[in-house]
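>
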Amino acid sequence: MNDVKSCKGTAFWMAPEVVKSSGYGLPADIWSLGCTVLEMLTGQLPYSSLEWMQALFRIGRGILPPVPDTLSMDARNFIFECLKVNPNDRPTASQLLEHPFVKRPLLASSVPASPMHPNARRS
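For the sequence shown, our numbering gives the first residue as 706, with consecutive numbering after it.
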């Protein structure tokens, strides 16, 4: 771990170790990636029902954001791998590139329309 101790970033994407100011490194970026993928697939911020301070308290206690059951198993697994509370348990970016969620081809008919753009077509 790089052991950076400053706290910068957007609350909804902060890793638990960043919230706790316990030092962090590259695994914090993997956490943020999981939050970003969750937002891309749902069209909502992680912890979207909470104010930013409430979200920080939950993140600091290791409470994960809700991940809808409607997402594919591969997508859910990818997100949960990224959102492991212990940074040492999170995969590296190289490992994530081998994950079925990334490797498996996406079929246009299997992707629901984006909640933000319901009429958008997938290629």
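Idealized CB from N, CA, C, for every residue including glycine.
These numbers were taken from a predicted model, which means no experiment stands behind them.
Which residues in the same chain have their Cβ closer than 7 Å to the Cβ of residue 725, if we skip the five residues on either side of it in sequence?
765, listed in sequence order.
> Note down the Cα distance separating residue 762 from residue 739, rounded to an integer number of angstroms.
If I take the Cα positions, the gap works out to 18 Å.
> Can you tell me the Cα-Cα spacing of residue 794 and residue 804, whole angstroms?
Those two C-alpha atoms are separated by around 15 Å.
> Verify whether the separation of the beta carbon atoms of residue 717 and residue 773 is less than 9 Å.
Their beta carbons are not under 9 Å apart, which means residue 717 does not touch residue 773 by this criterion.
> Have a look at residue 744 and residue 737 and give me their C-alpha separation to the nearest angstrom.
Each residue's Cα considered, the two are about 10 Å apart.
> Taking the DSSP output, what are the residues bridged to residue 752?
Answer by DSSP bridge pairing: none, since residue 752 is not bridged.
> Give the straight-line distance between the Cα atoms of residue 785 and residue 777, rounded to the nearest whole angstrom.
Those two C-alpha atoms are separated by around 12 Å.
> Got a sec? Which residues, its chain only, sit under 6 Å from residue 757 by beta carbon, not counting five neighbours each side?
Only 716 meet the Cβ criterion.
> Quick one, which of 807, 808, 799 and 810 has its alpha-carbon nearest residue 734's?
Taking only the C-alpha atoms, the option nearest residue 734 is 799.
> Could you tell me if residue 747 is buried or exposed, where buried requires 16 or more neighbouring beta carbons within 10 angstroms of its beta carbon?
When all chains shown are included, residue 747 counts as buried.
> Measure the CB-CB distance between residue 742 and residue 767 and report whether it falls below 9 Å.
No, the Cβ-Cβ distance between residue 742 and residue 767 is not below 9 Å.
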